[in-house]
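Written below as C-alpha cells is the structure these notes are about.
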Amino acid sequence: MIPVLLILIPLVTGLISFFLKQSAAAKNWALLSSVITLAVAVTGIFFLPANQLAFDAPWLPNLGSRFTLMTDGMGKMLCLLTAVSFPLIFAATYRNDYSNAPGFYGLMLLSQAGLLGVFLAADALLFYFFWELALIPVYFLCSIWGGNKRIAVTFKFFIYTFIGSLLMLVGIIYLYFQSPDHSFALQSFYHITLEAKQENLIFWLFFLAFAIKMPIFPFHTWQPDAYEQSPTATTMVMSGIMVKMGIFAVVRWLIPVFPNASVHYGNLVIILSVTGMLYASLIAIRQDDIKRLIAYSSIAHIGLMCAALFTLNKTGWEGVMIQMFNHGVNVIGLWVVADVIEQKTGTRKFSELGGLAQKAPVLAILFVVMALANIALPLTNAFIGEFLMFNGLFHFNVWIAAIAGISVILAAIYTLNMVQKVLYGKTAVATENAVEIKGNVQLVLVILAIVVMVLGIYPQPMIDLTKDTVHAILVK
Amino acid sequence: MSKLVYLVPLFPLLGFLVNGLGRKLLSKPMIAIVGSGSILASFVLSVLIFFDVKANGASVITLFNFIDADSFRIPFAFQIDQLSSLFLLIITGIGFLIHLYSAAYMHEEEEQHFGRYFAYLNLFVFSMLLLVLGANYVIMFIGWEGVGLCSYLLIGFWFKNNQYNYAARKAFVMNRIGDLGFLLAVFWLLYKLGTATFTDVFAGAAGLSSFEITAITMLLFVGAMGKSAQIPLYTWLPDAMAGPTPVSALIHAATMVTAGIYMIARSNILYTLAPVTQTLVAVVGLVTAIFAATIALKQNDIKKVLAYSTVSQLGYMFLGLGAGAYTGAVFHVMTHAFFKALLFLGAGSVIHAMHHEQDIRKMGGLKKYMPITHITFLLACLAIAGIPPFSGFFSKDEILTAAFAKHPLYYFVGVGGALMTAFYMFRLYTLTFLGRFRGSQEQPVKESPWLMTVPLIVLAILSVVGGWMGIPGVFAENAHSLEKFLAPVFAESAKLAATHHLPASQEFMMMGASTVAIILVILFAVNRYQKYQATTTTAAGITKLFENKWYVDELYDAVIVHPLQALAGFLKNIIEKSGIDALVNGVGKMVSYGSRQIRLLQSGQVGNYILVMVLAMVVFMLIWFNDAAITQFLNKIF
Amino acid sequence: MPIQYYIYLSLALFSIGIIGVLTRRNAIIVFMCIELMLNAVNLLLVAFSKMHYGMALAADPATTAGIDGQLFVFFIMVVAAAEVSVGLAIIVMMFRNTHSVDINFLNRLKN
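Residue numbers (the working numbering), protein chains in the order written: chain A, 1 to 476; chain B, 1001 to 1638; chain C, 2001 to 2111.
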C-alpha cells in the first residue's frame, strides 16, 4: 500500500488545495501534505519489508494495462529525493507570496504526485500517464506565475517536451503490439526482442523524449529560459527532480528495453553528452545571471550523468545513481540561494551584485558550501558521484574521460566567478541594504549543507541502496 | 599509539568547527587559544607517533569504508610510516608556530574575521594532514583539493579587495588544472590495478607496461606542477601573496606547495620505474629553479621576492626527485620549511612594523630598530644561500650531488641557480636591513611583540641546526640519520636504481668551490646594495624582462584566457542564441508564418470555395478512373 | 432509348449548372444553377431506375428493382423544395439589407 499512499497523498491534498480560500492556509496545507509524504516515504523505504513496496491492481483490462507499482533501489532513492525536496522547497519559499496561492500549491502537489508515480510505475501506460501528470502542472505554474516572458517560454517548453512525450507514446504503443502477451507491463517490455532496424528506430522515439527532458545537447535550449522564467519553487522542482525523470527513464525504460540499440548508439550519445558538458560549461563562464548560470551548470552535470549511463559500466552507473540524488540536493540549494539573493537585492545580475559576504555572512558561507558541492570538491556529496562516473567513462575511453574532465576545470572557473561576483568585493547599490537570512531559509540551507557534507563523507549507504538496480539491469 | 592517529586531523577539524561556528561568540584570545591549541595537541600526538614509528615501523589504520563500488574499494585509511610521520611533525610544528604568530599579526581584525581566519587556518591544517596521512590516492586527493580550497579562501581572505579575489580564483583554477591530471592518474590506476591503496599500487606497479607507468607518472606530475607551482602552472603562487603573510609562510612556503614533492616521494617506486618521467621532472624542476630565480633578482615587493624564491626552491626539490634523490628532496622540503617560513614570518614582522609597506625600496636600515627580526632573517638568508653549516647547505648539496651523478649539466645549472639565490636573498636582506632608512613613516618602527618573535627564534634555531640530521657520508659515516630513518620508504626504489658514489675528494672540491662562489656573490650583493638610492630610471633589456616576470602572465592571458573567453562568448552569443535557439525558434516561427499564409486562402469568396471544391472533385475522379495508371506513375517516381 | 443519351443530357445539365455556379455572381442565378444540378442528378436517377426495372422485368414480372432510385428522386425534390424556401428567404433578406444579390457581397461575413 505504501506506493499507492505516496501517490495518493499529494494527489488528493493537491486537489483539495484548489478549494481552499486563504493563501496562508494553502501554504500550510501544502507543507503539511509534503511532510506527511516524507514520513510515509521514509517509513516505507527504511522500515517496512520489501513486499510492502509493490502494488498491483487491474486498471484498464481491455488494453492490457495494469496499475502496477514497484520499487527498486533507484526508485526508492528518487522517491526519497522527491519526498525530501518538496517540504524543503515549500519551506524555503514560504515567504514568497503568490496570487491565487491555493492554485499554485495545488499544482505543485499534483506535480509531486506525478513525479512519484513516474518513479514507481511498472506499467508503460501508467508511466506515460504520470509522466504527463508531472509535466502538465508545470506548464501552468510557469505560464501563470512566471516572469515577464513566461508565455513565450512556457510555449517553447511545452512544445519541446510535448513532442518528446508524443514520440514516446508512439513508441510505447508500438512496443505494446510487439510484446508477447499484449500488455504494457515493464517485465513484458523487457522480454520484447525486436529486429535491429525497428529497435534502432524505436530507441530514438524514446531517447528523444528523455533527451529533451534531461536535457542533452542540442535539445537543451528550453531549459535556461524555463528555469529563468519559472517561479523559483517550480524551477527547483524542475531542475532538482524533474530532470532526473529523464535519467531514471533511460535506466528503467530505455537501456533494458533496447539493449542492442543502446550499445549501437552509445558512442553517439556519449559524444553528444560530452560536447554538451563542455559547451554548457563554456557558456556558463560568460553568464551574467545567477539563474542562467545555474541552468547551464546543470546541463553540464546532467551531460556527465548521461555519458556515464551509456558507458554501461557498473562503477559509472553507481556514480549516476548517487549523483541523481546529490545533484538534486545541490541544485535545490543553489536555487534557494539564488532566490534569496533575488528577494533581498531585487536583481540576479552579477554586474549589479557584490559584497554580500559583508552583509550576510551566514548566507555567504552556505552559498560557498553549495558552490563547492557544485564543483564537486572532495568531502562534498558531488565528488563521490563524479568520481565514480569519471571512472566509468575512463573504462569506456581514456580520451573521452580526459576531455570530459576539462569541464571540472571550467566548473571551477564559472562557479568561483559567481561566488566572487556575488559575495566578494565592495558592496553595490543593490546589496547596500541586504540583510542576513534567517528562519526557514536558513534552516533549509543548513539542512541541505549537512546533507551535502554527510553524503560526501559517508556515501556508502546511498551506494548500497541503489546497487540492486545497477546489478539487475547491467547483468541483463 | 598509532591507533590514535585519527585524532591528529580531528583536533584541527574541531578547532575549525569551534572557531567557525563560534566566531561571533568567542573573544579574540579565546579564538587564538582554540586555534593554536588544537594544532599544539596534534603536534604532541605527532611527536608521540613519530617515536612510535621509529620504534615499531609503519602501519595502516582503516577507519571505515569510504567508497565500496563495483570494481574497487576505497577505505578511509591512514598510513603511518616514516615519511608521513616526518611530514606530520613539519606540518603541526610549523603550523603551531605560525598560529601563534598569527594571533599577534592579525590582531587588528574584527572578532568575526579573526575567528574566520583561524577557522580557515585550522581547516587547512586538517586538509594537509589528510593529504599526508591518506593511505591511498583518493584520501590524498581529498586533502589535495582541501588544501587548494583553504588556499583559495585564505588568499581571498580580505575579500573586499577584488584584486585579491582574482588572485584566489587564479590559484584555485590553476590547481584544478593540475588536479585533473592527478585524477586521471588515479582513474588509470583504478582501471588497471583496481586499487588506489599505496601498498597495493606499489606492489602491482611492476606489472604495468612502461607506457602506462610513464603516462600515470606524467599525469601525477601534472598534479604536482599545479600544487607545487612548477612551470607552466606556477604563476598563481606569486599572486597568492595577496593573502595574509602568515598564510604565505604556512601554505605557500612551508607545507601546501610541498605536497607535490610529498606525493612524488610517496610514489617513488612508480617514478623509479619511469625513467622518462624522471628526466622530465628533473628538467622541469631545474628550469623552474633558474627561471624563477631570474625573476626574483629584480622584484621589489618583499613578499614577491620570497614567492619566486619559493618557486625556485621547489624547482630544486623536483630536481632532486628527478635525479632519484628522494631523501634529498624530502630533506630539502624540511629545511626549506624552516628557513622559508622564517623568511616569510620575518617579512611579516617587517611589514607589520612598517604598517603594511611591502616595497623594499622604501625600507632599509631596519637593523637597529628590529634586532630580533634582523638576526633571524640573516640566519635564514644564510641558510637558503647554502652556507655551511646552516641547514640549506646540506639539503641543497645533497640534491646537487645527486644531480651531478645523473648528469653534470644539471649540477652546473643548479649551482648557477644557487648563486642567483644567494644574490637575490642578500639583495633583499641588504635593502631591508642595511643602509639607511628610506621610508617616510611618521611613527617609529618598532620590534614586533613576543608572540611574533618567539616563533622567529624557534625557526631560526631550526634553520641553523636542521641540516645536521643529514650530514653527508663524506664527512662522517652513517651521520645521515634522516636517510636511515626514511630508508624503508625508499627501499624498493633504492634496489631498482643504481647508485653512483662520487669520490670523496671530488665531492669536497665541488662543495668548497660552490661555497666560495656563493660567499663572493653575497659580498658583491651586500656591497652593491648597501648604498642603494631609489632611482627612477626604467630598466631595459633583460632586466626589464626579469622585472616583468618574462611577461608570462601576459602570455597566458593572450594564449589561454582571452581565447577561452572569446570562445565562450562566441558559443553564448552566436551558436546558442543565433544557432541552436534560433533554429528551434525558427521552426516555431515557420509554423506560425505558414499558417498565416494558408489562412489567406480562406478569402470569404464563395466562388473560390466552390471552384476549389469542383477542382478537387475533378482530381479525385481522375484518380478514381485512372487508378492503375497513377499507381504506375507513382511507382515510377519512387 | 439507350441509357447513354440520358447520361449525356444529365452531364450537360450538370456541367451547365457547375459553370453557372462558378461564373455568375447573381445569387438568384447561382441558385437556379444549383437547382439545375440537382435536377440533372434526378434525371439520371430516374433513367437508371427505369433501366434496372426493364432489365429485371424479363426475369421476374413482380420485381421492384430500381424502385429505390425513384424514391431518392422524391427525397431530393422534397429537400430541394425546403432548400429553395430557406435559400430564397436568405436572398430576400440579403436584398433588403444590401439592395444587391451579388454573392461576393457575402464575404463581409468574414470580418
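Beta carbons: idealized from backbone N, C-alpha and C, even for Gly.
On a predicted model such as this, the values are computed, not experimentally measured, just so you know.
> For chain A, is any of its Cβ atoms less than 8 Å away from the one on Asn-1165 of chain B?
Replying inline: Sequence index remark: in the second sequence, residue 1165 of chain B carries index 165 (1-based). Output row for Asn-1165 of chain B: interface = yes.
> DSSP on Leu-1502 of chain B, reduced to helix/strand/coil?
Replying inline: Mapped onto the second sequence, residue 1502 of chain B falls at position 502. Leu-1502 of chain B falls in the coil class under three-state DSSP.
>> Quick check: what's the CA-CA separation for Ile-473 of chain A versus Ala-261 of chain A?
In response: Looking up residue 473 of chain A in the first sequence gives position 473. Looking up residue 261 of chain A in the first sequence gives position 261. The alpha-carbon atoms of Ile-473 of chain A and Ala-261 of chain A are separated by roughly 15 Å.
>> For a cutoff of 8 Å on Cβ pairs, would you count Ile-1610 of chain B as touching chain C?
In response: Walking along the second sequence from the start, residue 1610 of chain B turns up at place 610. Cβ-Cβ to chain C under 8 Å: yes for Ile-1610 of chain B.
> Helix, strand or coil: which one does DSSP assign to Met-1136 of chain B?
Replying inline: As a first step, residue 1136 of chain B must be located in the second sequence, where it is residue number 136. A small fix is needed here, since residue 1136 of chain B is Asn in this sequence, not Met. Three-state DSSP puts Asn-1136 of chain B in a strand.
> Can you tell which of C:Leu-2009, C:Val-2030 and C:Tyr-2006 has the C-alpha that lies nearest to the C-alpha of Val-2101 of chain C?
Replying inline: Here residue 2101 of chain C is taken as the residue at index 101 of the third sequence, counted from 1. Val-2101 of chain C has its Cα closest to that of C:Val-2030, out of C:Leu-2009, C:Val-2030 and C:Tyr-2006.
>> Just to check my reading of the structure: Gln-223 of chain A and Ala-295 of chain A have Cβ atoms closer than 8 Å, yes? What is that Cβ distance to the nearest angstrom?
In response: Within the first sequence, residue 223 of chain A is the residue found at index 223, counting from 1. Within the first sequence, residue 295 of chain A is the residue found at index 295, counting from 1. Rounded, the Cβ-Cβ distance is 6 Å, consistent with contact.
>> List, in chain order, every chain B residue whose beta-carbon is nearer than 7 Å to that of Pro-459 of chain A.
In response: In the first sequence, the residue the question calls residue 459 of chain A occupies position 459. Simply Ile-1067.
>> Taking the straight line between their C-alpha atoms, what separation do you get for Arg-1073 of chain B and Val-1222 of chain B?
In response: Along the second sequence, one-based indexing puts residue 1073 of chain B at 73. Along the second sequence, one-based indexing puts residue 1222 of chain B at 222. If you take the alpha carbons of Arg-1073 of chain B and Val-1222 of chain B, they lie about 25 Å apart.
>> My output table needs one value for Val-1474 of chain B: the three-state DSSP class, helix, strand or coil.
In response: For this step, residue 1474 of chain B is matched to residue 474 along the second sequence. Note: Val-1474 of chain B maps to coil in three-state DSSP.
> What does Phe-1172 of chain B touch in chain A if you count any residue whose Cβ is under 7 Å from its own?
Replying inline: Along the second sequence, one-based indexing puts residue 1172 of chain B at 172. Under the 7 Å cutoff, chain A gives Ala-412 and Leu-416.
> At a CB-CB cut-off below 9 Å, which residues of chain B make contact with Gly-425 of chain A?
Replying inline: For this step, residue 425 of chain A is matched to residue 425 along the first sequence. Those are Phe-1159, Lys-1160, Asn-1161, Asn-1162 and Asn-1165, listed as they occur along chain B.
> Mind checking Lys-1484 of chain B: buried by the 16 CB within 10 Å criterion, or exposed?
Replying inline: What you label residue 1484 of chain B is simply residue 484 of the second sequence in a count that begins at 1. Its Cβ having fewer than 16 others within 10 Å, Lys-1484 of chain B is exposed.
>> Just to confirm my understanding: we take Leu-205 of chain A, look at its own chain, exclude 5 residues before and 5 after, and list those with CB closer than 7 Å. What are they?
In response: Within the first sequence, numbered from 1, the residue matching residue 205 of chain A stands at position 205. The residues are Leu-167, Met-168, Val-170 and Gly-171.
> So which residues on chain C does Val-1619 of chain B lean against when the C-beta distance must stay under 7 Å?
Replying inline: For the purposes of this step, residue 1619 of chain B is taken as residue 619 along the second sequence, with counting starting at 1. Per Cβ cutoff of 7 Å: no residues; Val-1619 of chain B is ~15 Å from chain C at best.
> What residues from chain B crowd round Gln-420 of chain A, counting only those whose CB sits closer than 7 Å?
Replying inline: Translated into positions along the first sequence, residue 420 of chain A becomes position 420. Near Gln-420 of chain A (Cβ distances below 7 Å), the residues of chain B are Asn-1165 and Arg-1169.
> Is the CB of Val-2101 of chain C under 8 Å away from at least one CB in chain B?
Replying inline: In the third sequence, the residue the question calls residue 2101 of chain C occupies position 101. Chain B, which has no Cβ nearer than 8 Å to the Cβ of Val-2101 of chain C, makes this no.
>> So if I threshold CB-CB distances at 7 Å, which residues from the stretch 2013 to 2039 of chain C count as touching chain B?
In response: Ile-2018, Val-2021 and Leu-2022
> Out of B:Phe-1625, B:Phe-1404 and B:Tyr-1117, which has the shortest C-alpha to C-alpha gap to Pro-1246 of chain B?
Replying inline: Taking the first residue of the second sequence as position 1, residue 1246 of chain B is located at position 246. Of the listed residues, the one whose Cα sits closest to Pro-1246 of chain B is B:Tyr-1117.
>> Considering only their Cβ atoms, is the gap separating Lys-1303 of chain B from Ala-1341 of chain B smaller than 8 Å?
In response: Position 341 of the second sequence holds residue 1341 of chain B. Position 303 of the second sequence holds residue 1303 of chain B. No, the pair does not count as a contact, with Cβ atoms beyond the cut-off.
> Which residues in chain A sit within 7 Å of Glu-1483 of chain B, going by Cβ to Cβ distance?
Replying inline: In the second sequence, the residue the question calls residue 1483 of chain B occupies position 483. Those within 7 Å of Glu-1483 of chain B in chain A number zero; the least Cβ separation is about 34 Å.
>> Cutting at 8 Å between CB atoms, please list the residues of its own chain near Ala-2007 of chain C, excluding the five before and the five after it.
In response: Position 7 of the third sequence, counting from 1, holds the residue named residue 2007 of chain C. Looking at the sequence itself, residue 2007 of chain C is Ile, so the reference to Ala does not match. Closer than 8 Å at Cβ, skipping near neighbours: Leu-2044 and Ala-2047.
> Can you name the residues that DSSP bridges to Ala-1479 of chain B?
Replying inline: Locating residue 1479 of chain B in the second sequence gives position 479, where the first residue counts as 1. Per DSSP, none; premise fails for Ala-1479 of chain B.
> Quick one: Cα of Lys-1192 of chain B to Cα of Leu-1208 of chain B, how far?
Replying inline: Taking the second sequence and counting its residues from 1, the one referred to as residue 1192 of chain B is at position 192. Taking the second sequence and counting its residues from 1, the one referred to as residue 1208 of chain B is at position 208. Cα to Cα, the separation comes out at about 8 Å.
> Between which two residues does the alpha helix (DSSP H) containing Ile-403 of chain A stretch?
Replying inline: Stepping through the first sequence from its first residue, residue 403 of chain A is reached at position 403. Its alpha helix (DSSP H) spans residues 398 to 423.
>> Is there a C-beta anywhere in chain A that falls below 8 Å from the one on Leu-1345 of chain B?
In response: The residue you call residue 1345 of chain B lines up with position 345 of the second sequence. It does not: the Cβ of Leu-1345 of chain B has no partner Cβ on chain A nearer than 8 Å.
> The beta strand (DSSP E) with Pro-1075 of chain B in it runs from where to where?
Replying inline: For the purposes of this step, residue 1075 of chain B is taken as the residue at position 75 of the second sequence. It spans 1073 to 1080 - the beta strand (DSSP E) in which Pro-1075 of chain B sits, taken as one unbroken run.
>> Quick check: the Cα distance between Glu-195 of chain A and Ile-270 of chain A, rounded to an integer number of angstroms?
In response: In the first sequence, residue 195 of chain A corresponds to position 195, counting from 1. In the first sequence, residue 270 of chain A corresponds to position 270, counting from 1. Distance between the alpha carbons of Glu-195 of chain A and Ile-270 of chain A is about 24 Å.
> Under three-state DSSP, which class holds Val-2092 of chain C?
Replying inline: Counting from 1 along the third sequence, the entry for residue 2092 of chain C is found at position 92. Of the three classes helix, strand and coil, the one that applies to Val-2092 of chain C here is helix, per DSSP.
> Within the 8 Å Cβ cut-off, does Arg-1591 of chain B reach chain C?
Replying inline: In the second sequence, residue 1591 of chain B corresponds to position 591, counting from 1. Sequence inspection shows Val at residue 1591 of chain B; the Arg mentioned does not correspond to that position. By this cut-off, Val-1591 of chain B is not an interface position.
>> Please state the DSSP three-state secondary structure of Asn-1065 of chain B.
In response: Sequence index remark: in the second sequence, residue 1065 of chain B carries index 65 (1-based). Looking at Asn-1065 of chain B - three-state DSSP - the assignment turns out to be strand.
> Of all the alpha helix (DSSP H) runs that stay within the bounds of the stretch 300 to 372 of chain A, which reach a length of 4 or more residues?
Replying inline: 314 to 345 and 356 to 359
>> For Pro-1408 of chain B, list the residues DSSP reports as bridge partners.
In response: On the second sequence, residue 1408 of chain B is found 408 positions in, with the first residue counted as 1. DSSP lists no partner for Pro-1408 of chain B.
>> For His-154 of chain A and Ala-1242 of chain B, I'd like the C-alpha separation in whole angstroms.
In response: By one-based count along the first sequence, residue 154 of chain A stands at place 154. By one-based count along the second sequence, residue 1242 of chain B stands at place 242. The sequence given here places Thr at residue 154 of chain A; His does not occur at that position. Those two C-alpha atoms are separated by around 47 Å.
>> Rounding to the nearest angstrom, what Cα-Cα distance links Asn-2111 of chain C and Ile-437 of chain A in this structure?
In response: On the third sequence, position 111 is the one that residue 2111 of chain C refers to. On the first sequence, position 437 is the one that residue 437 of chain A refers to. The predicted model places Asn-2111 of chain C with a pLDDT of 49, which falls under 50 and marks its position as unreliable; any figure quoted below should be read in that light. One C-alpha to the other measures close to 58 Å.
> Taking the C-alpha atoms as reference points, what is the distance between Asn-62 of chain A and Leu-293 of chain A?
Replying inline: For this step, residue 62 of chain A is matched to residue 62 along the first sequence. For this step, residue 293 of chain A is matched to residue 293 along the first sequence. Looking at the two C-alpha atoms, the distance is approximately 49 Å.
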